[in-house]
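As structure tokens, the structure follows; a few thoughts come after it.
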């Protein structure tokens with residue numbers, strides 16, 4: 001699924017600021033006012049999904065104003081502002097001016113007028129918008145968080161990391177896969193807002209598991225070629241039990257061992273198909289891909305791809 005991109009540098013220099021402001025006002029219902037019109041820079045990429053909108057933005061010093069007329073056109077989505085770098089402030093009717101900086105989250109009632117101030121050289125952040133109807137099971141926590149900036153808890157960090165990963169991977173996902181991810185984002189928001197016990201159990205059953213599994217797979221990729229890669233080692237580094245880690249894979253219909261083997265086999269297959277690596281023999285490729293047992297490698301390779309490594313190599317001749 002594609003991302004929507006809005007970049008100031010894509011507009012003609014002579015009319016850049018005004019043209020950019022017009023597009024942004026139309027699409028996002030805010031008015032950008034740069035501190036320095038000549039050197040103003042802003043870029044935002046937006047993932048628009050049914051039930052979730054995720055944006056990643058980087059802006060030079062400026063103000064983003066949601067006027068009363070803009071607010072009247074907005075839905076009742078709740079927007080979570082999570083700065084990644086730089087800093088600024090935000091103020092909305094009914095609240096105080098709050099500081100925006102890395103390590104915090106600000107909960108914005110999207111239909112309320114206000115002003116975001118992007119300070120310093122630039123400010124970068126992730127913005128996640130969720131319809132209020134999906135947050136009903138966390139009503140008390142939501143009302144307590146609105147118009148406030150608060151430190152990121154472990155639950156908010158899970159929410160942030162999953163949203164960032166979804167934003168980055170969205171172009172490679174099929175629509176039905178992206179739709180599954182929407183529920184995970186919503187569930188993680190419920191958990192972070194301190195939802196009711198029922199809602200927390202839902203989140204634990206979907207969003208949290210998905211986020212944990214993504215962490216595990218990232219750790220595997222970083223250590224894929226290490227002979228020391230093990231379920232116990234990964235679980236220990238991530239701070240949970242190896243039994244829980246194995247259960248994550250079992251719910252996916254596989255195992256830690258089989259998943260690692262599949263990733264190593266995929267690497268070996270790519271190496272076998274690479275003309276630049278023709279000087280490596282099969283045993284060398286197996287070792288380079290993380291396999292220590294050549295016989296087991298050959299057996300698993302044929303089971304997975306329906307041909308031997310030699311057959312794949314011969315196909316390039």
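Numbering (the numbering used here), first residue to last: 1 to 317. Virtual Cβ for every residue (Gly too), placed ideally from N, Cα, C.
Comparing C-alpha distances from residue 214 to each of 235, 228, 226, 225 shows the shortest one belongs to 235. Residues of the same chain with a CB within less than 7 Å of the CB of residue 134, apart from the 5 flanking positions on each side, are 51, 186 in chain order. When C-beta atoms of the stretch 83 to 100 are compared with those of the stretch 110 to 120, three or more pairs fall below 8 Å, so the two segments count as touching. Counting C-beta pairs closer than 8 Å gives fewer than three between the stretch 132 to 147 and the stretch 161 to 178, which falls short of the contact rule. Checking the DSSP bridge columns, you'll see residue 47 partnered with 54. Between residue 231 and residue 256 a beta carbon distance of about 4 Å is seen, short of the 8 Å cut, so the two are scored as contacting. For residue 209, the secondary structure class from DSSP, reduced to helix, strand or coil, is helix. Unbroken beta strand (DSSP E) stretches of 3 residues or longer found wholly inside the stretch 210 to 249: none. If you draw a 10 Å sphere on the C-beta of residue 258, you find fewer than 16 other C-beta atoms in it, and that means exposed. For residue 28, the closest alpha carbon among the candidates 49, 56, 74, 41 is that of 74. Per DSSP, the beta bridge partners of residue 124 are 58, 85. Shortest Cα-Cα distance from residue 142 to any of 158, 21, 19, 80 involves 80.
Where residue 93 is concerned, there is no enclosing alpha helix (DSSP H), because DSSP gives it neither an H nor an E.
In this structure residue 3 touches residue 45 by the C-beta definition: roughly 5 Å separates them, less than 8 Å. Annotation for residue 34: the continuous beta strand (DSSP E) segment containing it runs 31 to 34.
Contact annotation, residue 297 with residue 286: C-beta distance approximately 4 Å; criterion of less than 8 Å satisfied.
One Cα belongs to residue 176, the other to residue 35, and the distance between them is close to 42 Å. Bridge pairing for residue 109: 78 [DSSP].
The beta carbon of residue 58 sits closer than 7 Å to those of 43, 122, 124, all from its chain and outside the five residues before and after it, given in chain order. Contact between residue 265 and residue 300 holds: their C-beta atoms lie close to 6 Å from each other, under 8 Å.
According to the DSSP assignment, residue 188 belongs to the alpha helix (DSSP H) that extends over 175 to 192. By the neighbour-count criterion, in which 16 or more other beta carbons inside 10 Å mark a residue as buried, residue 244 falls on the exposed side.
For residue 24 against residue 65, the beta-carbon gap comes to about 11 Å, at or over 8 Å, which does not count as contact. Of the other Cβ atoms in all chains shown, fewer than 16 fall within 10 Å of the Cβ of residue 38; this residue is therefore exposed. Inclusion of residue 138 and residue 193 in the CB contact set at 7 Å is warranted, their separation being smaller than that value.
Proximity to residue 144 across 167, 126, 164, 109 peaks at 109, based on C-alpha coordinates. Taking 7 Å as the cut-off, the beta carbon of residue 71 is found no closer than this to the beta carbon of residue 128. When the five nearest sequence neighbours on each side are left out, the beta carbons in the same chain lying within less than 8 Å of the beta carbon of residue 263 are those of 220, 221, 224, in order along the chain. Cβ-Cβ distances below 8 Å link residue 304 to 262, 265 in the same chain, with the five nearest sequence neighbours on each side left out; the list follows chain order. The C-alpha of residue 310 is placed about 39 Å away from the C-alpha of residue 181.
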